[in-house]
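Data block below; observations after.
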Amino acid sequence: MRISPTKARRVVNLVRGLPAKEALTVLQFAPQAASEQVYKVLASAIANAENNERLDPDALLVSEAFVDEGPTMKRFQPRAQGRAYRIRKRTCHITIVVEAVAPATPAKRAAAKKAAPAKSTESAQAAPAAETGAGETQSKTEGAE
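So this note's numbering is basically just the index in the sequence shown, starting at one, shifted up by 545.
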């Protein structure tokens with residue numbers, strides 16, 4: 546790709562370890578210029594896994610993502626008093642590896658998240674209610690005296 550490796554690494558670090566569909570969404574809304582090129586590489590990796598390896602695209606995870614330095618094109622810019630300044634047009638190689646993982650159904654995940662906090666919330670609410678009830682009777686008694 547015709548972009549600096551350091552700029553591409555910033556974007557690749559955003560998607561490493563994410564599920565493939567979520568990584569595409571992150572790249573779609575990332576403000577960096579390199580995100581468009583990384584998006585194309587990731588979309589290609591997902592398509593290859595789906596068509597060549599017969600994997601489910603919803604069960605893919607970005608397992609590896611790295612950027613290596615490519616060849617640098619050297620150009621010259623004329624400057625004052627006959628000088629020439631070198632301009633380096635850097636390129637990079639973007640590599641993204643996706644692997645299949647067991648798909649976790651969203652319904653099961655949502656049910657597990659709702660069930661765990663509900664139990665702790667009920668016990669937390671029950672304890673203060675008991676204390677408040679006892680505190681109210683005491684304050685009423687004190688106020689009556």
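Ideal Cβ placement from N, Cα and C applies to all residues, glycine included.
Compare the Cα-Cα distances from TYR630 to each of LYS619, ALA588, PRO576 and report the closest residue. The candidate whose alpha carbon is nearest that of TYR630 is LYS619.
Using the Cα positions of LEU606 and LEU563, report the straight-line distance between them to the nearest angstrom. Cα to Cα, LEU606 sits roughly 6 Å from LEU563.
Using the three-state DSSP reduction, which class does SER580 fall into: helix, strand or coil? It is helical.
Counting only the same chain and skipping the five closest in sequence on each side, list residues whose C-beta sits under 6 Å from that of THR640. Around THR640: PHE611.
Between which two residues does the alpha helix (DSSP H) containing GLU609 stretch? For GLU609, there is no enclosing alpha helix (DSSP H); the enclosing beta strand (DSSP E) has its first and last residue at 605-614.
How big is the Cα-Cα spacing for ILE591 and ALA645? Distance between the alpha carbons of ILE591 and ALA645 is about 10 Å.
Whole-angstrom distance between PRO550 and ASP613, CA atom to CA atom: The alpha-carbon of ASP613 is positioned some 7 Å away from that of PRO550.
Given that a residue counts as buried once 16 or more other Cβ atoms are within 10 Å of its Cβ, and exposed if not, what is SER626? Contrary to the premise, residue 626 reads as Gln rather than Ser in this sequence. GLN626 should be labelled exposed.
Any idea what DSSP makes of VAL557, helix, strand or coil? VAL557 carries a helical assignment under DSSP once its states are collapsed to helix, strand and coil.
In the structure shown, what three-state DSSP assignment does GLU644 receive? Annotated three-state conformation of GLU644 is strand, per DSSP.
Under the three-state reduction of DSSP, which class applies to ALA588: helix, strand or coil? It is helical.
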